[in-house]
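Participant: Adding 2 to a residue's 1-based position in the sequence shown gives its number in the numbering used here. Note that the Cβ used here is the ideal one computed from N, Cα and C, for glycine as well.
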Amino acid sequence: MNSPDIRICFVGDSYVQGTGDDQCLGWTGRLCASARSTGHNITYYNLGVRRETSADIARRWLAECEPRLLPTTENYLVFSFGANDVSLIDGHRRVPEAETLAHLQSMLRVAMTRFRTLVVGAPPAHDDGHNRRLAELSTRMEGVAAELGVPWVATLPPLITDDVWRHEVQGNDGAHPRAAGYARLTQIIASSRHWWFAER
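Next comes the structure, spelled out in C-alpha coordinates:
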(Lines of atoms letter the chains of each structure in order from A; the text may use other names.)
(Lines give C-alpha, C1' and ligand atoms only; values in the text may rest on other atoms or scores of the structure.)
Protein backbone atom coordinates (compact mmCIF):
# COMPACT_ATOMS: atom_id res chain seq x y z
CA MET A 3 0.00 0.00 0.00
CA ASN A 4 1.23 3.48 -0.89
CA SER A 5 -1.30 5.09 1.42
CA PRO A 6 -0.16 7.12 4.45
CA ASP A 7 -0.06 5.41 7.85
CA ILE A 8 -3.67 5.97 8.90
CA ARG A 9 -4.94 5.42 12.44
CA ILE A 10 -8.61 5.50 13.44
CA CYS A 11 -10.08 5.27 16.93
CA PHE A 12 -13.76 4.39 17.26
CA VAL A 13 -14.95 5.44 20.71
CA GLY A 14 -18.32 4.54 22.12
CA ASP A 15 -20.64 1.86 23.45
CA SER A 16 -21.78 -1.67 22.58
CA TYR A 17 -22.80 -0.72 19.04
CA VAL A 18 -19.23 0.41 18.43
CA GLN A 19 -17.98 -2.78 20.06
CA GLY A 20 -20.17 -4.85 17.72
CA THR A 21 -22.17 -6.73 20.34
CA GLY A 22 -24.31 -9.44 18.76
CA ASP A 23 -22.18 -9.93 15.64
CA ASP A 24 -21.03 -13.55 15.44
CA GLN A 25 -18.38 -12.46 12.95
CA CYS A 26 -16.91 -10.08 15.56
CA LEU A 27 -16.63 -7.23 13.05
CA GLY A 28 -19.49 -4.88 13.86
CA TRP A 29 -19.70 -1.77 11.71
CA THR A 30 -16.24 -0.52 12.62
CA GLY A 31 -14.46 -3.64 11.39
CA ARG A 32 -16.51 -3.74 8.21
CA LEU A 33 -15.84 -0.09 7.43
CA CYS A 34 -12.11 -0.48 7.86
CA ALA A 35 -11.92 -3.78 5.98
CA SER A 36 -13.63 -2.08 3.04
CA ALA A 37 -11.27 0.89 3.20
CA ARG A 38 -8.22 -1.39 3.32
CA SER A 39 -9.49 -3.30 0.31
CA THR A 40 -9.33 -0.07 -1.70
CA GLY A 41 -5.72 0.61 -0.73
CA HIS A 42 -5.96 2.61 2.48
CA ASN A 43 -3.29 1.62 5.01
CA ILE A 44 -5.54 1.68 8.07
CA THR A 45 -4.88 0.56 11.62
CA TYR A 46 -8.11 0.78 13.56
CA TYR A 47 -8.83 0.63 17.26
CA ASN A 48 -12.22 -0.41 18.58
CA LEU A 49 -12.72 1.42 21.87
CA GLY A 50 -16.35 0.47 22.37
CA VAL A 51 -17.44 -0.59 25.87
CA ARG A 52 -20.82 -2.16 26.59
CA ARG A 53 -23.34 -0.18 28.65
CA GLU A 54 -21.22 2.96 28.67
CA THR A 55 -22.84 6.39 28.63
CA SER A 56 -21.46 9.72 27.49
CA ALA A 57 -20.27 10.32 31.05
CA ASP A 58 -18.21 7.13 31.03
CA ILE A 59 -16.78 7.86 27.60
CA ALA A 60 -15.92 11.45 28.50
CA ARG A 61 -13.75 10.19 31.35
CA ARG A 62 -11.66 7.81 29.29
CA TRP A 63 -11.57 8.73 25.61
CA LEU A 64 -8.53 10.99 25.48
CA ALA A 65 -6.30 8.76 27.62
CA GLU A 66 -7.16 5.83 25.36
CA CYS A 67 -6.74 7.68 22.08
CA GLU A 68 -3.48 9.50 22.77
CA PRO A 69 -1.23 6.39 22.75
CA ARG A 70 -2.87 5.19 19.53
CA LEU A 71 -3.05 8.39 17.48
CA LEU A 72 0.55 9.44 17.07
CA PRO A 73 2.21 12.68 15.92
CA THR A 74 3.74 10.74 13.02
CA THR A 75 0.48 9.21 11.71
CA GLU A 76 -2.62 10.47 9.91
CA ASN A 77 -5.24 10.41 12.64
CA TYR A 78 -9.02 10.04 12.66
CA LEU A 79 -11.53 9.78 15.49
CA VAL A 80 -15.13 8.58 15.44
CA PHE A 81 -17.48 9.02 18.39
CA SER A 82 -20.76 7.11 18.65
CA PHE A 83 -22.94 6.98 21.76
CA GLY A 84 -26.27 8.04 23.22
CA ALA A 85 -28.34 4.86 23.40
CA ASN A 86 -27.34 4.15 26.99
CA ASP A 87 -27.87 7.75 28.02
CA VAL A 88 -31.59 7.50 27.22
CA SER A 89 -32.04 4.07 28.81
CA LEU A 90 -34.28 4.20 31.87
CA ILE A 91 -33.48 3.04 35.39
CA ASP A 92 -36.43 3.32 37.80
CA GLY A 93 -38.12 5.59 35.29
CA HIS A 94 -35.21 8.01 34.94
CA ARG A 95 -32.68 8.45 32.17
CA ARG A 96 -29.23 7.21 33.00
CA VAL A 97 -27.86 10.59 31.89
CA PRO A 98 -29.98 13.75 31.67
CA GLU A 99 -30.10 15.29 28.22
CA ALA A 100 -28.27 18.47 29.21
CA GLU A 101 -25.38 16.44 30.59
CA THR A 102 -25.14 14.32 27.44
CA LEU A 103 -24.93 17.45 25.32
CA ALA A 104 -22.33 18.99 27.61
CA HIS A 105 -20.20 15.84 27.45
CA LEU A 106 -20.42 15.78 23.67
CA GLN A 107 -19.50 19.44 23.37
CA SER A 108 -16.54 19.06 25.72
CA MET A 109 -15.18 16.02 23.88
CA LEU A 110 -15.59 17.55 20.45
CA ARG A 111 -13.92 20.81 21.42
CA VAL A 112 -10.78 18.90 22.35
CA ALA A 113 -10.93 16.28 19.61
CA MET A 114 -11.48 18.64 16.69
CA THR A 115 -8.28 20.54 17.44
CA ARG A 116 -6.19 17.37 17.30
CA PHE A 117 -7.84 14.80 15.04
CA ARG A 118 -10.15 14.56 12.05
CA THR A 119 -13.39 13.92 13.90
CA LEU A 120 -16.77 12.43 13.05
CA VAL A 121 -19.87 11.60 15.11
CA VAL A 122 -22.09 8.66 14.18
CA GLY A 123 -25.56 8.78 15.68
CA ALA A 124 -26.76 5.81 17.72
CA PRO A 125 -29.04 3.30 15.94
CA PRO A 126 -32.55 2.28 17.08
CA ALA A 127 -33.57 -0.56 19.36
CA HIS A 128 -36.80 -2.61 19.44
CA ASP A 129 -38.57 -0.25 21.83
CA ASP A 130 -40.68 2.67 20.67
CA GLY A 131 -40.23 4.73 23.83
CA HIS A 132 -36.47 4.30 23.75
CA ASN A 133 -36.39 5.26 20.08
CA ARG A 134 -38.43 8.41 20.67
CA ARG A 135 -36.07 9.53 23.41
CA LEU A 136 -33.07 8.66 21.27
CA ALA A 137 -34.45 10.53 18.26
CA GLU A 138 -34.93 13.69 20.35
CA LEU A 139 -31.46 13.42 21.85
CA SER A 140 -29.87 12.69 18.48
CA THR A 141 -31.39 15.83 16.97
CA ARG A 142 -29.87 17.92 19.75
CA MET A 143 -26.53 16.12 19.56
CA GLU A 144 -26.41 16.76 15.83
CA GLY A 145 -27.02 20.42 16.57
CA VAL A 146 -24.06 20.54 18.96
CA ALA A 147 -21.83 18.90 16.37
CA ALA A 148 -23.03 21.31 13.67
CA GLU A 149 -22.28 24.34 15.83
CA LEU A 150 -18.69 23.12 16.17
CA GLY A 151 -18.36 22.17 12.52
CA VAL A 152 -18.03 18.45 13.22
CA PRO A 153 -19.79 16.17 10.72
CA TRP A 154 -22.59 13.87 11.85
CA VAL A 155 -23.93 10.68 10.28
CA ALA A 156 -27.52 9.87 11.25
CA THR A 157 -28.32 6.17 11.51
CA LEU A 158 -31.61 6.05 13.40
CA PRO A 159 -33.90 7.43 10.63
CA PRO A 160 -32.87 4.92 7.93
CA LEU A 161 -32.61 1.94 10.28
CA ILE A 162 -35.85 2.38 12.19
CA THR A 163 -37.76 1.30 9.08
CA ASP A 164 -35.15 -1.15 7.77
CA ASP A 165 -36.59 -4.68 7.71
CA VAL A 166 -33.24 -6.43 8.12
CA TRP A 167 -32.22 -4.29 11.08
CA ARG A 168 -35.61 -4.57 12.78
CA HIS A 169 -35.79 -8.35 12.28
CA GLU A 170 -32.30 -8.94 13.62
CA VAL A 171 -32.68 -6.69 16.66
CA GLN A 172 -36.06 -8.19 17.55
CA GLY A 173 -34.73 -11.72 17.12
CA ASN A 174 -31.63 -11.08 19.19
CA ASP A 175 -31.70 -9.12 22.45
CA GLY A 176 -33.99 -6.22 21.51
CA ALA A 177 -31.09 -3.80 21.12
CA HIS A 178 -28.32 -5.29 18.99
CA PRO A 179 -28.45 -6.93 15.57
CA ARG A 180 -26.48 -9.84 14.20
CA ALA A 181 -24.03 -9.66 11.29
CA ALA A 182 -26.57 -8.69 8.62
CA GLY A 183 -27.83 -5.78 10.69
CA TYR A 184 -24.32 -4.48 11.23
CA ALA A 185 -23.74 -4.81 7.50
CA ARG A 186 -26.73 -2.52 6.89
CA LEU A 187 -25.41 -0.02 9.43
CA THR A 188 -22.02 -0.15 7.71
CA GLN A 189 -23.63 0.63 4.35
CA ILE A 190 -25.27 3.75 5.74
CA ILE A 191 -22.02 5.11 7.15
CA ALA A 192 -19.90 4.08 4.17
CA SER A 193 -22.24 5.86 1.76
CA SER A 194 -22.16 9.10 3.74
CA ARG A 195 -20.19 11.97 2.26
CA HIS A 196 -18.69 12.45 5.72
CA TRP A 197 -16.95 9.06 5.85
CA TRP A 198 -13.40 9.79 4.81
CA PHE A 199 -12.80 6.59 2.86
CA ALA A 200 -16.10 6.21 1.03
CA GLU A 201 -15.99 4.77 -2.46
CA ARG A 202 -16.62 7.59 -4.93
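Excluding five sequence neighbours on each side, which residues of the same chain lie with their C-beta closer than 7 angstroms to the C-beta of H105?
Facilitator: Around H105: S56, A57 and A60.
Participant: Report the option in V155, G183 and T157 whose CA atom is closest to the CA atom of R168.
Facilitator: It is G183.
Participant: Which one of S36, E68 and G41 has the shortest CA to CA distance from L49?
Facilitator: Nearest option by C-alpha distance: E68.
Participant: Can you check the segment 116-188 for any beta strand (DSSP E) of at least 3 residues that lies completely inside it and give the ranges in chain order?
Facilitator: Listed in chain order, the complete beta strand (DSSP E) runs (minimum 3 residues) inside the segment 116-188 are 118-122.
Participant: Taking just the CA atoms, how far does T163 sit from G145?
Facilitator: Cα to Cα, G145 sits roughly 23 angstroms from T163.
Participant: Starting from the C-beta of Q19, find all residues in its chain whose C-beta is less than 7 angstroms away, skip the five residues before and the five after it, and write them out in chain order.
Facilitator: Correct list, in chain order: G28, N48, G50, V51 and R52.
Participant: If I measure Cβ to Cβ from N77 and keep anything under 6 angstroms in the same chain, skipping five residues before and after, which residues do I get?
Facilitator: R9, L71 and F117.
Participant: Distance check for M109 and R38, CA to CA, integer angstroms please.
Facilitator: Cα to Cα, R38 sits roughly 28 angstroms from M109.
Participant: Using the beta-carbon count (16 or more within 10 Å), is S193 buried or exposed?
Facilitator: Per the 10 Å Cβ criterion, exposed.
Participant: Check whether the Cβ atoms of L136 and A85 lie closer than 8 angstroms to each other.
Facilitator: A contact, by the Cβ cut-off of 8 angstroms.
Participant: Given this structure, state the Cα-to-Cα distance separating G41 from A156, to the nearest angstrom.
Facilitator: Approximately 27 angstroms between the Cα atoms of the pair.
Participant: For D175, is the classification buried or exposed, using 16 other Cβ atoms within 10 angstroms of its Cβ as the cut-off for buried?
Facilitator: The residue in question, D175, is exposed, as its Cβ has fewer than 16 Cβ neighbours within 10 Å.
Participant: So, helix, strand or coil for P26, using DSSP?
Facilitator: Reading the sequence as shown, one finds Cys at residue 26 and not Pro. The answer is coil: DSSP assigns C26 none of H, G, I, E or B.
Participant: Report yes if the CB atom of G14 is closer than 8 angstroms to the CB atom of S89, and no otherwise.
Facilitator: In this structure, S89 does not lie closer than 8 angstroms to G14 by Cβ.
Participant: Do V121 and A100 have their C-beta atoms within less than 8 angstroms of each other?
Facilitator: Contact: no.
Participant: So, for P6: in the same chain, excluding its five sequence neighbours on each side, which residues have a beta-carbon less than 8 angstroms away from its beta-carbon?
Facilitator: So the qualifying residues of the chain are N43, T75 and E76.
Participant: Tell me the residue span of the alpha helix (DSSP H) that contains T102.
Facilitator: E99 to A113 is the span of the alpha helix (DSSP H), which, as asked, contains T102.
Participant: What are the boundary residues of the beta strand (DSSP E) that includes S5?
Facilitator: Here S5 belongs to no beta strand (DSSP E), and DSSP marks it neither H nor E.
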